[in-house]
Each structure stands twice: as structure tokens, then as C-alpha cells.
Amino acid sequence: MNEREWLEYLKKYLYEKLPVIATYNEDATVIEIKENHYLLLTTDTLVEGIHFDLAYFDFYSLGVKLAASNLSDIAAMGGWPKWALLTLGSPKPIDPSFIDPFMEGLVSTLEKYSAYLTGGDTVRSPFFFFSLTLVGETEKPLLRKGAKKGDYLFVSRALGGSSAFLRWIKEKPLDQIPENFKKAHLRPEPEIELGLFLRNIASSAIDISDGLLLDLSRLCIASQVSAEIEEEKIPLEEGATLEEALSGGEDYALLFTIPEKNLPYLTKINKKIFYLGRIIEGVGEILFLTKKGERKSLPPKGFDHFTFLLQS
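With UniProt numbering applied, the sequence shown covers 1 to 312.
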């Protein structure tokens with residue numbers, strides 16, 4: 001099974017009755033506590049040899065990235081983060097030389113957004129892994145489903161920087177890699193404030209963690225629509241390639257749709273956002289309008305843990 005097939009399989013074991021509003025097919029599980037009050041539950045894991053290599057990843061940055069990946073899920077749901085639980089797997093006894101910078105990176109990033117670590121678990125492991133569970137809240141969950149034909153498609157920042165870092169690190173030492181690539185891959189910034197604003201004007205949203213094409217496909221399937229994006233509108237991180245922007249992953253940007261009637265509200269956003277295209281009829285198809293004016297149907301290419309394993 002690839003990752004998508006695994007999630008479909010998992011569905012039959014998940015509790016999906018009220019008060020559970022959304023589960024496996026969203027960036028976070030949504031549980032209704034009372035009217036206009038929802039809990040958001042998400043978890044993310046960093047595994048040595050899969051997500052990071054200690055040859056170039058310092059422990060402080062690992063803490064930052066673990067927090068940011070979870071915070072980005074809460075942002076995509078239009079929520080604010082609250083409480084976190086940490087699971088640490090270590091191949092050696094816990095030592096201040098690595099745990100202190102890791103915890104400083106993790107906790108400082110959480111607290112920047114008024115979220116706090118409250119507990120967790122520790123286990124011996126043949127390699128390092130770090131897993132964080134984050135609880136958030138929202139008055140109005142922003143879901144992947146909800147995009148309609150004619151909606152406008154936007155992304156919150158330039159794409160491809162994280163993937164470009166991985167390209168560079170294969171050939172260059174860390175100190176020769178452009179700072180924008182290092183920041184994108186090692187210390188990404190979640191879009192909490194933007195997510196909170198979007199919950200009142202966006203029709204759908206998703207966190208780009210596995211690549212623009214794959215995550216856009218997920219949003220379209222959830223909404224039962226298709227999308228057309230324009231090549232010349234795709235914001236490339238300086239020095240990144242189009243392929244890295246489309247399929248690289250780990251950008252942790254927000255991809256969202258806005259109904260035409262709500263476009264005037266975008267002027268209130270205090271950051272630059274980027275128009276990509278429109279939502280069209282269909283289910284899950286991504287049409288790509290090239291700079292030459294050609295229309296191509298693109299496959300939802302991106303990072304899938306289990307497809308990678310099957311192909312390697």
C-alpha cells in the first residue's frame with residue numbers, strides 16, 4: 001500500500017461519528033466540543049535517515065522543525081495551538097549535549113505561538129526519532145473540502161526552497177548553501193496568523209507538506225473539484241526549480257481557495273500571497289497552463305513514504 005491506500009484502509013478503523021467532524025482526510029482531526037468550539041488534534045514525526053541527517057541537521061533546528069510541522073497543520077485548519085506531547089526515541093542515553101538544544105528549539109517555537117509542552121514519552125531506539133502531538137482550538141474549522149468552481153487559488157509564500165536544500169546538500173557543505181534554502185528546510189515558519197484570518201473568508205485550505213501538486217490534488221478530491229494553475233504565477237523560491245516548487249514538499253505553506261465575493265478581504269492580509277489559478281469542474285485533476293499557452297494534465301506527484309519504499 002502507498003500512503004493514500006494506507007489512509008483509505010485506516011478509515012474503516014476510525015471513529016467518524018459525532019462529535020468527530022473530520023479525521024484522516026484533513027490536516028488535523030476535528031472534534032466539536034460545543035457550539036463554535038472545536039478541538040484540533042494533529043501529530044507529526046521526524047525520523048533519522050528519512051527526514052533528517054545529523055551530518056547537517058543540528059538538534060536546535062530539529063526542535064524548530066518538529067514544532068513547525070505540527071503548527072502548520074493547525075494553521076491550515078484555521079486554529080490556534082494550545083498543548084503538546086513529545087515522544088523521543090534515542091539510540092543512546094539522553095545527554096544535555098543534544099537534548100538541551102533540541103528542547104530549546106522545540107519549546108521556543110511552540111511558545112512563540114502561545115503553545116506549551118505538557119508531557120510525553122521516551123523510548124530506546126536504533127536511531128533518533130521525534131514525534132509531537134499538538135492540540136489546538138478553533139471557533140470555525142477550515143477544511144480541505146469546500147472549494148467551489150470559480151474560486152481563486154492562492155499560496156502563502158514562495159515554494160521549492162526546502163527541496164532545493166536537499167539538492168544542494170548532496171554536493172555542497174552546509175556553509176555554502178544559500179541562506180534561504182537553509183531557512184526553508186531547517187527552520188520553516190508556520191502561518192498561524194494567516195490561518196486564523198482565512199477561516200472567515202477561505203472556502204478550503206491545506207498545508208503543503210508533500211508538494212504543491214500532491215496536496216492540491218488532495219484538496220480537490222476532498223472538495224470534488226479540479227484546478228487549473230498557471231506556470232507563470234507559481235512563486236519560486238530564489239534559486240529553486242519549477243520541479244522543486246511543484247513536487248518537492250516540506251514547504252509548509254498554506255494553499256487555499258477564496259470565493260470571488262471574498263477577494264476584497266485579501267487586502268487586509270499583512271503579508272504577500274500568490275495567486276496560482278482557479279478551481280474548475282472535475283474531480284482531482286490538475287490542469288497546468290504553460291508559459292507557451294499549452295494546457296497539460298499533471299499527475300499529483302509529491303512525497304509519499306510508502307511509494308518511495310516500494311520504488312527503492
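Virtual Cβ for every residue (Gly too), placed ideally from N, Cα, C. Computed from a predicted structure; not experimentally measured.
Starting from the Cα of residue i, find the closest Cα among the options and give me that residue.
i	options	result
A184	F102, I229, D100 and F57	F57
W168	P101, I33, L40 and K182	K182
T138	I74, Y152 and P93	I74
E8	G79, T45, E26 and L254	E26
T45	K65, L174, L54 and A202	K65
L71	V20, K272, R187 and S97	R187
P19	F59, T118, R4 and N36	N36
A202	I269, Y38 and K233	I269
K291	L242, S108 and G248	L242
P96	G89, F59 and T118	F59
P259	N200, P91 and G79	N200
L39	L263, I50, G79 and Y15	G79
G119	L88, K272 and P173	L88
To which residues of the same chain is residue i closer than 8 angstroms at the C-beta, ignoring the five residues directly before and after it?
i	result
L10	Y24
I177	F165, W168 and I169
Leaving out five residues on either side along the sequence, give the residues of the same chain with a beta carbon under 7 angstroms from the beta carbon of residue i.
i	result
S204	L143, R144, K145, G146, A147, L219, S223, F256 and T257
I279	A147, K148, K149, G150, D151, L153, V225, A227 and T257
L216	A227, L255 and I286
L62	L46, F52, F102, G105 and F130
E189	A68
F306	Unreliable placement is indicated for F306, whose pLDDT of 38 sits below 50; the coordinate value is still reported in the next sentence. If we look at F306 and ignore the five residues flanking it on each side, its Cβ neighbours are M1, N2, E3 and W6.
L309	Residue placement at L309 is flagged as unreliable, the pLDDT there being 34, under the threshold of 50; the coordinate-derived value follows with that caveat. Once the five neighbours on either side are set aside, L309 has no close Cβ partner at all.
I believe residue i touches residue j by the beta-carbon criterion, under 8 angstroms. Please report the beta-carbon distance rounded to the nearest angstrom.
i	j	result
A28	P81	Between P81 and A28 the Cβ distance is about 10 angstroms, and since that is not below 8 angstroms, they are no contact.
G211	K301	7 angstroms
V155	F288	In fact, because the Cβ distance is near 15 angstroms, the residues do not count as touching under 8 angstroms.
L132	L86	6 angstroms
V135	W83	5 angstroms
L298	K233	No, L298 and K233 are not in contact; Cβ-Cβ is about 15 angstroms, not under 8 angstroms.
I221	D251	Not quite, the Cβ-Cβ distance comes to about 20 angstroms (not below 8 angstroms), so this is no contact.
A76	R157	Not a contact, Cβ separation roughly 14 angstroms.
Who are the near neighbours of residue i in its chain, counting only those whose CB is closer than 6 angstroms to its CB and skipping five residues on each side?
i	result
E48	F127 and F128
A240	G160, G161 and A164
A245	L159, G160, I234 and L236
Checklist entry - Where are the beta strand (DSSP E) runs, 3 residues long or more, that stay fully inside the UniProt domain "PurM-like C-terminal" (150 to 282), in chain order? => result You should have 152 to 155, 204 to 208, 226 to 230, 253 to 258 and 274 to 280.
Item to check | the region 215 to 230 contacting the region 187 to 200, beta-carbon criterion three pairs below 8 angstroms | outcome: no
Next on the checklist: What ranges does the beta strand (DSSP E) occupy inside the UniProt domain "PurM-like N-terminal" (26 to 137), keeping only unbroken runs of at least 3 residues that lie completely in it?
Outcome noted: 29 to 34, 37 to 47, 80 to 90 and 116 to 124
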